[in-house]
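**Q**
Chains as they are written, first to last, in this note's numbering: chain A, 580 to 830; chain B, 789 to 1070; chain C, 5 to 282.
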């Protein structure tokens, strides 16, 4: 197993709130790792640490390190913009920007200054195709993104990330606001995508994690309690707190 | 452009209003304070004779100060009850359609130029007052009525915000105890919104005190202490507005000195309004 | 039962106050338009006045109003929007921001005659601009700056936080985030503020008369003095030059203000539609 993302003794505080406590976690390449646990267990903060979105908060205090391919993401020469395009995030609620479908997908490329029409067109098709949305919207790329249904909007957000050719996808409860059919579509897409991307998923509920992920990490109160393969975590957890949670005796 | 440069430019634009305020204060004071020094504060503020070009010269602004005071109080008597009533109407009573008409109407009332108000006072209300109540028509009363209507939109908008900010649970609690709608408004909603309403009154006061052109058109501009609401008068602002165009030397300095007095009064009102409305947020 | 009756009377009085304020508005507009509009013609709008305004049109005053108002916007809009962006996107509430806010609020409370005095002593005399478009526009710009800052700030704050998150998540710098997401979304609100500020500039008299002057000529440069419609209206009425022409000028002024308010309201409706669709 090749460790791709390495989280080493990471602690994160916002003012007096301790969000992550001494987290150690290894995430392998081209697998889906699900990070699950009850509300406020630090899952989202962990995701936002990996693309340094936590730094948008003025009261942040951080210690410990995160490396990708052995290199710290916190080195001073790292360009945050480049990092965030390499480690792209999809949020819990569908968040299309108030512009056309096409403009949404190329938003990240536009920020990079890409002007070549052919390149943009190609990436739009690639992103929408990979997010399994291409066939539904190919004839109305210039309609407002807000005219799409909720499930389509979320796949558009996925396409927007994929159009950047990232290495890592951070999916923060991407189906939280969706109906079961849309959820199933997105889950299928995730499994197809893992051959090309390393995916970290905060699941909508832990059953989703069990359905799609290869590895699982259980978080509680800002601590990483247990990591293992999905089958081990969900069938034979070593820690009693994990067991309580996956068997529904908790929270 | 680097983010740091952009940040610096934006900070500069943000500081500009503060800097403007400082420069405005500095230049008004620099132009006006020396004369107050020569005349003395007490004779300047308490003096009843304004004769800036005569021999001997005399710089007493008491008549204007009293004119401003009476006019402002008068405008509040007209504008505050009306404004608060309309604010209650907008926040608590108005049916949807009515509110949809009222909102742009009040906005328009605030947007009508003050010279138009002054003109209506001059050509419509003043003859009416002269005819039916007596006096010259161009008077404190005429000006106070029009000015009261002018400050009404300010009173409405801030009071309405304050009333809307009162939590719904207050109303429900009162209605659940069997209070009528009016008892709820009078006994619960208005007291809960009182500091916002008070702030609106103080800001309306500032607007009335500072209004110039409309007042020049309506108040008769008589350099006298008004003894009745039907008398003509002059105010701090109207005197500046009338005389600045041709004043020079000490006369001009005296107008700036009047401006200093006005400025200090307005700033004091702004500070009070700020303190009062912060009370509500706390 | 007397409680019920008292309540009914009180609520009736509140309705009366609301209807009264509505009738005052209608009365003012109708009064000026009925007396003024019959004398407004195309030549009144397009000709220069003669004999101090007793006859002829008001073309220089219309031109002066537009030039002065637009000049004020050119100065105040970038400053106001920059200021609003700084306060909302580039800083967190601190001592500095509360001092800046105090400055803006105080500036908003300064009466226009004080702006007139200041513009006169600072721009006209001290900076030797004399009575000119430049001095008038600068003075007006200071006066409308707080309005633009406040409305732009409100519009920017109404932009959903998630848009900012997405933009940062796609690797935007702060400035890219502001220009690609925040400003386009807040645009209708910002424009509404700009239009209302323009309306305020159009109606202003005290701050303009001592800084831009009262000249009735067509301006040839930013150093030319101008007379605005509001100032022309004031002079016609107060100096008793021509009451008829005053009514006519007043009618044009009122229609201008009406159009400005209608425009602003259309934008507000659009802004609501835009945010409502989310």
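Where is the CB? At the ideal position from N, CA and C, for every residue including glycine.
1) Confirm, please, whether the CB-CB distance from residue 641 (chain A) to residue 745 (chain A) is below 8 Å.
2) Could you work out which residues of chain A lie near residue 182 (chain C), taking near to mean beta carbons separated by less than 9 Å?
3) Would a C-beta distance cut-off of 8 Å place residue 1026 (chain B) and residue 1054 (chain B) closer than the cut-off?
4) What is the DSSP secondary structure of residue 612 (chain A), counted as helix, strand or coil?
5) Taking buried to mean at least 16 other C-beta atoms within 10 Å of its own C-beta, is residue 1001 (chain B) buried or exposed?
6) Could you tell me the distance, in whole angstroms, from the CA atom of residue 836 (chain B) to the CA atom of residue 1011 (chain B)?
7) Check this for me: beta carbons of residue 1049 (chain B) and residue 1015 (chain B), under 8 Å apart or not?
8) Grab me the residues of residue 58 (chain C)'s own chain with a C-beta within less than 8 Å of its C-beta, minus the 5 sequence neighbours each way, in chain order.
9) If you measure from the beta carbon of residue 913 (chain B) to each beta carbon in chain C, is any gap under 8 Å?
10) Classify residue 221 (chain C): buried if its beta carbon has 16 or more other beta carbons within 10 angstroms, exposed otherwise.
11) Expressed to the nearest angstrom, what Euclidean distance is found between the alpha-carbon atoms of residue 198 (chain C) and residue 8 (chain C)?
12) Quick check on the burial criterion: 16 or more other C-beta atoms within 10 angstroms. Buried or exposed for residue 622 (chain A)?
13) From C:136, C:38, C:188, C:6, pick the residue whose C-alpha is nearest to that of residue 252 (chain C); which is it?
14) Starting from residue 632 (chain A) and walking both ways along the alpha helix (DSSP H), at which residues does that stretch end?
15) Any chance you could list the beta strand (DSSP E) runs of at least 3 consecutive residues sitting entirely within the region 685-761 of chain A, in chain order?
16) Please classify residue 953 (chain B) as buried or exposed, where buried requires at least 16 neighbouring CB atoms within 10 angstroms.
17) Let me know if residue 658 (chain A) comes out buried or exposed under the rule of 16 or more other beta-carbons within 10 Å of its beta-carbon.
18) Would you tell me roughly how many angstroms separate the C-alpha atoms of residue 875 (chain B) and residue 34 (chain C), rounded to the nearest one?
19) Can you name the residues that DSSP bridges to residue 839 (chain B)?
20) Look at the alpha carbon of residue 795 (chain A) and the alpha carbon of residue 630 (chain A), and state the distance between them as a whole number of angstroms.
21) With 8 Å set as the bound, which would you pick, yes or no: does the beta-carbon of residue 35 (chain C) sit closer than that to a beta-carbon of chain A?
22) Could you say if the region 718-731 of chain A and the region 746-766 of chain A meet the contact criterion of at least three C-beta pairs nearer than 8 Å?
23) Return the CA-CA distance between residue 801 (chain B) and residue 807 (chain B), expressed in angstroms with no decimal places.
24) Using beta carbons (cut-off 8 Å, strictly below), is residue 94 (chain C) in contact with chain B?
25) For the region 957-983 of chain B, list the alpha helix (DSSP H) runs that are entirely contained and at least 4 residues long, ordered along the chain.
26) Could you work out which residues of chain B lie near residue 107 (chain C), taking near to mean beta carbons separated by less than 7 Å?
27) Report all residues from its chain with a CB closer than 7 Å to the CB of residue 627 (chain A); omit the five preceding and five following residues, and keep chain order.
28) Kindly list, in the order they appear in chain B, the residues whose Cβ is closer than 8 Å to that of residue 103 (chain C).
29) Identify the continuous beta strand (DSSP E) that holds residue 807 (chain A) and give its terminal residues.
30) May I ask which residues mark the beginning and end of the alpha helix (DSSP H) holding residue 902 (chain B)?
31) Could you say if the region 980-989 of chain B and the region 855-872 of chain B meet the contact criterion of at least three C-beta pairs nearer than 8 Å?
32) Run through chain C and tell me which residues come within less than 9 Å of residue 902 (chain B), C-beta to C-beta.
33) Does any residue of chain B bring its CB to less than 8 Å from the CB of residue 177 (chain C)?
34) Give a single yes or no on whether residue 1037 (chain B) has its beta carbon closer than 7 Å to a heavy atom of the ligand ATP.
35) For residue 138 (chain C), which residues in the same chain have their Cβ closer than 7 Å to its Cβ, ignoring the five residues on either side in sequence?
36) For a minimum of 4 consecutive residues, which ranges assigned as the alpha helix (DSSP H) are wholly contained in the region 67-137 of chain C?
**A** So, from the listed chains and residues:
1) no
2) Neighbours of residue 182 (chain C) on chain A: none; closest Cβ ~12 Å, over 9 Å.
3) no
4) strand
5) buried
6) 9 Å
7) no
8) 245, 246, 249
9) no
10) exposed
11) 47 Å
12) buried
13) C:38
14) That residue, residue 632 (chain A), is in no alpha helix (DSSP H); it is neither H nor E in DSSP.
15) 747-751
16) exposed
17) exposed
18) 25 Å
19) B:846
20) 20 Å
21) no
22) yes
23) 10 Å
24) yes
25) 969-972
26) 805, 806, 809
27) 633
28) 806
29) 802-808
30) 902-908
31) yes
32) 116, 207, 208, 209, 210, 234
33) yes
34) Ligands displayed in this structure: none; no statement on the ligand ATP is therefore possible.
35) 226, 227
36) 99-113, 116-123
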